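Peer 1: A single structure is presented below for examination.
Residue numbers (this note's numbering): 1200 to 1788.
Here it is in structure tokens:
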């Protein structure tokens, strides 16, 4: 399948896309470099500083260390993209910094993950406990942007703006109609009533079972969100639920009347309000970019004892890591061994944000985590999504922590093989000839469907892999195989629902996982080190992987196509062998 998709995508214009992308990256590089040189003067904090924090449409696990990313941001007159790590650490630093009097937040365009939004929101609530103020302003609040903002002291909306508190939906793209026109169909092998990752390739509509589980889990997610908004805004949950279900607060005057925002002001007036809330005169307030302030912020004092945080982000694949933030099993295992062998590292936290992927690679990494546990504690922290293969590699750790709105579970497996007989034979006129020794020696051929015997063998293999999944979860979570089987079949859970089922150990973000690791390692003083370690800027620029990442970001910026969509299209070619993969990716609109 990998070869077929690679050739197919190439025939659709990969060469032209590459040439255009290189030109875009080069142009942005020159523009950004000029911009950076022109703005090289360093600002400093004053005694009356307000930090200006802007959250973009995506918040990654870690701030970008790639100079190409910074150059692209500079060319667009934007702050460098902030990672969740710097946002949390920057807020901690600001809460203790006497020069920082408050924070002015613009999170209206946030379009990242739900659990990431929860961690940011929790960090804001913790910052407020210091007695300092944080005011949010935006012209348009996205659903999750408002959720973050609702944790602030004041929420201000532009009087001509818009508030998107209107429910939750999960959208799916069904590819079957497209492949029918191309003359391609797919042979599917799966285990699990709810393992619906294959549905877009073989159906034009969702199955009833898939619609059932999606409805259940988005209802759980949204109730959790509405409950927290109601608490922060001192409103009744039922009232906020009705506001959202009936889209009552989209217009500014309605949002204010219903108590979802505190004021309707333009940005100049909003900044004056922020300064006054920080007990400063607006004309003397000093504004400082939060991204610059938070860069390299470290809340931990120096200690010989270390806790390693290993980031595992993206779809799972065998071998080395792919440019588009995939988890390469070899890359991950190398980092795990490095942390395991370092005597100064007393415990390991693995931060997993993955919908799954290769069953083989997931099993390889789980095997090494089990071995690592014999020498030092291994705690897992789940991000936005840790499902299927992401759950598989995490379930063997000493403990698992996740945010209540983390998506997890999806214990199931599938394999997908394309049949291009109509495309290659009828349309393109290709004729394959084989000479075979052994009835199954030819394996998959692009010009025909598998024979009944071949299909039987493939389903047996998928069944065996599914049984391995059930066994691994049972052993890791100390449950019976029968109980895991009841919870499995590809069903997806929110972490809040997964906790009482025994699939995770507790609710909390990465800080709770780090605290748990320290407790299990019996250390009170420690500092955190992150893996993979950042390389120097020249090495990064010269790496083909980093150029490829920058290429996709530049292409997304210039075409208007969502970055995740571009990356997901490219990643189809990496679906090798049976997959432990979440059925879909979900974004709250």
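For each residue, glycine too, the CB sits at the ideal point set by N, CA and C.
Since the model is a prediction, treat every value here as computed from it, not as a measurement.
Could you check if residue 1721 is buried or exposed, using at least 16 other CB atoms within 10 Å of its CB as the buried criterion?
Peer 2: For the purposes of this step, residue 1721 is taken as residue 522 along the chain shown, with counting starting at 1. Flag for residue 1721 reads exposed.
Peer 1: Pop quiz: residue 1490 and residue 1281 are said to be a contact at Cβ under 8 Å. What is the actual Cβ separation, rounded to whole angstroms?
Peer 2: Position 291 of the chain shown, counting from 1, holds the residue named residue 1490. Position 82 of the chain shown, counting from 1, holds the residue named residue 1281. Right, their Cβ atoms sit about 5 Å apart.
Peer 1: Taking 7 Å as the cut-off, decide whether the C-beta atoms of residue 1314 and residue 1604 are in contact.
Peer 2: By one-based count along the chain shown, residue 1314 stands at place 115. By one-based count along the chain shown, residue 1604 stands at place 405. It is a contact, given that the beta carbons lie within the stated cut-off.
Peer 1: Helix, strand or coil, according to DSSP, for residue 1516 in the structure here?
Peer 2: On the chain shown, position 317 is the one that residue 1516 refers to. Of the three classes helix, strand and coil, the one that applies to residue 1516 here is strand, per DSSP.
Peer 1: Tell me, to the nearest whole angstrom, how far the beta carbon of residue 1608 is from that of residue 1599; I am working on the premise that it is less than 8 Å.
Peer 2: Here residue 1608 refers to the residue found at position 409 of the chain shown. Here residue 1599 refers to the residue found at position 400 of the chain shown. Rounded, the Cβ-Cβ distance is 12 Å, inconsistent with contact.
Peer 1: Classify residue 1368 as helix, strand or coil using the three-state DSSP reduction.
Peer 2: Here residue 1368 refers to the residue found at position 169 when the chain shown is read from its first residue. Residue state, collapsed to three classes: coil.
Peer 1: DSSP three-state label for residue 1691, please.
Peer 2: Taking the first residue of the chain shown as 1, we reach residue 1691 at position 492. It is a strand residue.
Peer 1: Which runs of the beta strand (DSSP E) fall wholly inside the region 1536 to 1571 and span at least 3 residues, in chain order?
Peer 2: The region 1536 to 1571 contains these whole beta strand (DSSP E) runs: 1544 to 1553, 1555 to 1557.
Peer 1: Can you tell which of 1663, 1440, 1632 has its C-alpha closest to the C-alpha of residue 1614?
Peer 2: One-based indexing of the chain shown puts residue 1614 at position 415. When only C-alpha atoms are compared, the closest one is 1663.
Peer 1: Chain C beta carbons: is any one of them nearer than 7 Å to that of residue 1674?
Peer 2: Absent here is chain C; the protein component of the structure consists of one chain.
Peer 1: Rounded to a whole number of angstroms, what is the C-alpha to C-alpha distance between residue 1321 and residue 1431?
Peer 2: In the chain shown, residue 1321 corresponds to position 122, counting from 1. In the chain shown, residue 1431 corresponds to position 232, counting from 1. C-alpha separation (whole angstroms): 12 Å.
Peer 1: Could you round the C-beta distance between residue 1595 and residue 1551 to whole angstroms and report it? I think they count as a contact, below 8 Å.
Peer 2: If you number the chain shown from 1, residue 1595 lands on position 396. If you number the chain shown from 1, residue 1551 lands on position 352. About 12 Å separates the two Cβ atoms, so there is no contact after all.
Peer 1: Can you tell me whether residue 1634 is buried or exposed? The criterion is at least 16 other CB atoms within 10 Å of its CB, across all chains shown.
Peer 2: Here residue 1634 refers to the residue found at position 435 when the chain shown is read from its first residue. Residue 1634 is exposed by the Cβ-count criterion.
Peer 1: Classify residue 1576 as buried or exposed, calling it buried when 16 or more other Cβ atoms lie within 10 Å of its own Cβ.
Peer 2: To locate residue 1576, count along the chain shown from 1; it is residue 377. So residue 1576 counts as buried.
Peer 1: Can you tell me which of the three DSSP states residue 1598 falls into?
Peer 2: Along the chain shown, read from residue 1 onward, the residue named residue 1598 stands at position 399. Residue 1598: strand per DSSP, three-state reduction.
Peer 1: Counting only the same chain and skipping the five closest in sequence on each side, list residues whose C-beta sits under 6 Å from that of residue 1643.
Peer 2: Taking the first residue of the chain shown as 1, we reach residue 1643 at position 444. Excluding sequence neighbours, residue 1643 sits near 1616.
Peer 1: Output needed for residue 1623: all residues of its chain with C-beta closer than 7 Å, excluding positions within five of it in sequence on either side, in chain order.
Peer 2: Position 424 of the chain shown, counted from the first residue, corresponds to residue 1623. Contacts found: 1629, 1645, 1646.
Peer 1: Enumerated in chain order, which unbroken segments of the beta strand (DSSP E) with a length of 3 residues or greater are wholly contained in the region 1314 to 1357?
Peer 2: Listed in chain order, the complete beta strand (DSSP E) runs (minimum 3 residues) inside the region 1314 to 1357 are 1332 to 1340.
Peer 1: Residue 1570: which of 1410, 1584, 1547 sits nearest, CA to CA?
Peer 2: Within the chain shown, residue 1570 is the residue found at index 371, counting from 1. Per the Cα distances, 1547.
Peer 1: Given residue 1263, which residues of its chain have a CB within under 6 Å of its CB, disregarding the five upstream and five downstream residues?
Peer 2: Along the chain shown, one-based indexing puts residue 1263 at 64. Closer than 6 Å at Cβ, skipping near neighbours: 1280.
Peer 1: Determine, using beta carbons only, whether residue 1349 and residue 1307 come nearer to each other than 7 Å.
Peer 2: Against the chain shown, residue 1349 aligns to sequence position 150. Against the chain shown, residue 1307 aligns to sequence position 108. No; because the gap between Cβ atoms is not below 7 Å, this pair is not in contact.
Peer 1: Could you name the residues of the same chain whose beta carbon sits closer than 7 Å to that of residue 1701, not counting the 5 residues immediately before and after it, in chain order?
Peer 2: Counted from its first residue, the chain shown places residue 1701 at position 502. So the list reads 1676, 1678, once near-sequence residues are dropped.
Peer 1: Please name the residue or residues paired with residue 1618 in a DSSP beta bridge.
Peer 2: To locate residue 1618, count along the chain shown from 1; it is residue 419. Paired residue(s): 1384.
Peer 1: Within the continuous beta strand (DSSP E) that includes residue 1726, where are the two ends?
Peer 2: Mapped onto the chain shown, residue 1726 falls at position 527. Run containing residue 1726: 1726 to 1730, per the beta strand (DSSP E) assignment.
Peer 1: Kindly indicate which residue of 1500, 1342, 1380 has the alpha-carbon position closest to the one of residue 1442.
Peer 2: Here residue 1442 is taken as the residue at index 243 of the chain shown, counted from 1. Per the Cα distances, 1342.
Peer 1: Quick test of your reading: residue 1703 and residue 1565, contact by CB under 8 Å. State the CB separation rounded to the nearest angstrom.
Peer 2: By one-based count along the chain shown, residue 1703 stands at place 504. By one-based count along the chain shown, residue 1565 stands at place 366. Actually they do not touch by this definition, with Cβ atoms about 16 Å apart.
Peer 1: Using the three-state DSSP reduction, which class does residue 1426 fall into: helix, strand or coil?
Peer 2: Position 227 of the chain shown, counted from the first residue, corresponds to residue 1426. Note: residue 1426 maps to helix in three-state DSSP.
Peer 1: Please say whether residue 1256 and residue 1310 have beta carbons closer to each other than 7 Å?
Peer 2: Position 111 of the chain shown, counting from 1, holds the residue named residue 1310. Position 57 of the chain shown, counting from 1, holds the residue named residue 1256. Going by C-beta atoms, residue 1310 is nearer than 7 Å to residue 1256.
Peer 1: Given a cut-off of 7 Å on the beta-carbon distance, is the pair residue 1458 and residue 1514 in contact?
Peer 2: Locating residue 1458 in the chain shown gives position 259, counting from the first residue. Locating residue 1514 in the chain shown gives position 315, counting from the first residue. Cβ distance not < 7 Å, so residue 1458 and residue 1514 don't count as in contact.
Peer 1: So, is residue 1188 buried or exposed, given that buried needs 16 or more other C-beta atoms within 10 angstroms?
Peer 2: The question about residue 1188 has no answer here: the residues shown for the chain are numbered 1200 through 1788.
Peer 1: Looking only at C-alpha atoms, which of 1728, 1243, 1709 sits nearest to residue 1485?
Peer 2: For the purposes of this step, residue 1485 is identified with residue 286 of the chain shown, where counting begins at 1. Comparing Cα positions, the closest option is 1243.
Peer 1: So, do the region 1531 to 1541 and the region 1711 to 1726 have three or more beta carbon pairs nearer to each other than 8 Å?
Peer 2: Short answer: they don't touch.
Peer 1: Does DSSP put residue 1294 in a helix, a strand or coil?
Peer 2: What you label residue 1294 is simply residue 95 of the chain shown in a count that begins at 1. Helix at residue 1294.
Peer 1: Per DSSP, what kind of secondary structure is residue 1249 in: helix, strand or coil?
Peer 2: To locate residue 1249, count along the chain shown from 1; it is residue 50. The answer is strand: DSSP assigns residue 1249 an E or B state.
Peer 1: Could you give the uninterrupted runs of the alpha helix (DSSP H) lying entirely in the region 1651 to 1696, keeping only those of 4 residues or more?
Peer 2: Counting only runs of 4 or more, we get 1651 to 1676, 1680 to 1686.
Peer 1: Can you look up residue 1502 in the DSSP assignment and give me helix, strand or coil?
Peer 2: Taking the chain shown and counting its residues from 1, one reaches residue 1502 at position 303. In the structure shown, residue 1502 sits in coil (DSSP, three-state: anything other than H, G, I, E or B).
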